[in-house]
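Below you'll find the structure, written out as structure tokens, and then a few comments.
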Amino acid sequence: MSFRRDVLPHLDAAYNLARWLAGNDADADDVLQDAMLRAHRFPRDGGDAPRAWFLRIVRNAAFALLRTRRGFEEVSDDEPSLEPDAAMRLVAAADAAQLRDGIDALAPHFREMVVLRELEELSYEEIAQVAQVPIGTVMSRLHRARALLKKNLLRQERSEHARRSR
Amino acid sequence: MHDDLAELLREHRQELRHPMPPGLRRKFLPPRRVPWAMAAASAAAVALVVGFGVGRTTGGAAAGFEQEVVASHVRSLMAEHLQDVASSDRHTVKPWFEGRLDFAPDVRDFAPDFPLVGGRLDYLGTRAVAALVYKRNGHVINLFEWPADGVASPPRLRTLRGYQLFSWRKDGFAFWAVSDLNAAELQQFAQLWQ
């Protein structure tokens, strides 16, 4: 297996994932460096496609960092899924900045789903390999992530309204 | 029911992706793939890097490694790449490598003659190595080290395209020092390690 061939084509995806999960440039830099070293040390054994293999390493490096932060919580996949709120219509006018804030406000386990699916356009199967959970869990987390993101966007819109009408 | 959200995200996908900072990208790309780095580098550095590209095809495996050491040195002098941890305190630099490398590098400071200014991770061949950065009258010395089997060997000088390289083995480590400093002074630096 060639390290360069396996890793270098996926650097942009890796950085994007690291940056979204770590939340700032300096930590994203650390996460990516960690991931590069681990990828060097434990080369791909041929089981997974290079992208899923490398993104899994990046993702695990990011979560290793997140777990050292105060207030980090593991996700519970047993919670009842959020029923879509009838009044929860999406603000079609949400711009990139609002979407960014909305995604940032998600808990890491949900944020990674949105980043991998919507921004990196991975298949459910690839996401399952990256996050090391069954495909069913990917689907339910993604469902919850989208519902939570909508909530965040709606909350932003309300506070924006309140601010304007003052 | 989530179609509109998916569509919205798709629409803004490129804006929402975080682009990799150029300095970080430079750190990870192998020495031979340098066209974008050349654009950012000074004319002198460009000439050097181009020089390696030409020289590489003629040298053997050993010469190839020396070229890689020099290329790594030159890249380190480009913006944002000299050090990941900036400190003259070896008690700061050494722990910084912990968890980033699978070995504990030997870190020494030879101030005031050769003050330690920092360290960073680098890649030589296919492995991650510790790079320690020293200064000498405005010249930069990069010292690379990594675990290596084999008997101890005294510093040996090589010269490549105006750069001096000293390599030696000691206590289970391979060391390579590289700089544009003159050979006598770099040898003095190498002797301090023996």
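As given, the protein sequences belong to chains W and C, one line each in that order. Just so it is clear: in the first sequence, position 126 is 212 by the working numbering, and no numbers are missing. Just so it is clear: in the second sequence, position 157 is 555 by the working numbering, and no numbers are missing. Beta carbons: idealized from backbone N, C-alpha and C, even for Gly. The model shown is predicted, which means the values in this text are computed figures rather than measured ones.
At least one CB of chain W lies nearer than 9 Å to the CB of C/Ala404. A buried status is given to W/Gln119, since no fewer than 16 other beta-carbon atoms sit within 10 Å of its beta-carbon. When secondary structure is reduced to three states using DSSP, C/Leu499 falls in the strand class. Residue contact with chain C for W/Val144: absent (no Cβ-Cβ distance below 9 Å to any residue of chain C). For C/Ser551, the CB contacts under 7 Å within the same chain, skipping 5 residues up- and downstream, are Trp566, Arg567 in chain order. Apart from the 5 residues on each side of it in sequence, C/Leu414 sits with its Cβ closer than 8 Å to the Cβ of Leu407 in its chain, given in chain order. In the three-state DSSP reduction, W/Leu141 falls in the helix class (H, G or I).
Around W/Lys236, the beta-carbon contacts reaching into chain C at under 7 Å are Leu403.
Per DSSP, C/Phe587 lies in no beta strand (DSSP E); the unbroken alpha helix (DSSP H) holding it starts and ends at 581-590. With respect to C/Ser474, C/Asp520 sits close: the two C-beta atoms are nearer than 9 Å. Interface flag for W/Met122 against chain C is set, since a Cβ pair is found closer than 9 Å. Within its own chain, the residues whose Cβ lies closer than 8 Å to the Cβ of C/Gly570, once the five positions on either side in sequence are excluded, are Pro545, Ala546, Asp547, listed in chain order.
Membership of C/Ser551 in the beta strand (DSSP E) is indicated by the continuous run 551-558. Neighbours of W/Gln242 in chain C, taken as residues whose beta carbon is under 9 Å from its own, are absent, since the nearest beta carbon is some 13 Å off. Taken through DSSP and simplified to helix, strand or coil, C/Arg534 comes out as strand. DSSP places C/Glu543 within a strand segment (E or B) once states are collapsed to three.
In the DSSP assignment, C/Leu519 falls within the beta strand (DSSP E) that extends over 514-522. At a cut-off of 9 Å, the C-beta of C/Phe501 has no neighbouring C-beta in chain W. In this structure, C/Gly536 and C/Ala484 do not form a Cβ contact; the two beta carbons are roughly 17 Å apart against a cut-off of 8 Å. For W/Ser226, there is no enclosing beta strand (DSSP E); the enclosing alpha helix (DSSP H) covers residues 221-251. Between the alpha carbons of W/Asp111 and W/Ala99 lies a distance of about 15 Å. Take the alpha-carbon of C/Asp500 and the one of C/Ala572: they are about 15 Å apart.
Of the candidates C/Val491, C/Lys492, C/Asn580, C/Asn580 places its Cα closest to the Cα of C/Arg556. The criterion of a C-beta distance shorter than 9 Å is satisfied by W/Leu185 and C/His410. The continuous alpha helix (DSSP H) containing W/Ala108 extends over residues 97-108.
Taking W/Leu107 as reference, the option from W/Arg127, W/Phe128, W/Arg142, W/Val219 with the minimal CA-CA separation is W/Arg142. The shortest C-alpha to C-alpha distance from C/Leu530 to any of C/Asn540, C/Asp482, C/Gln465, C/Thr524 is the one to C/Asn540.
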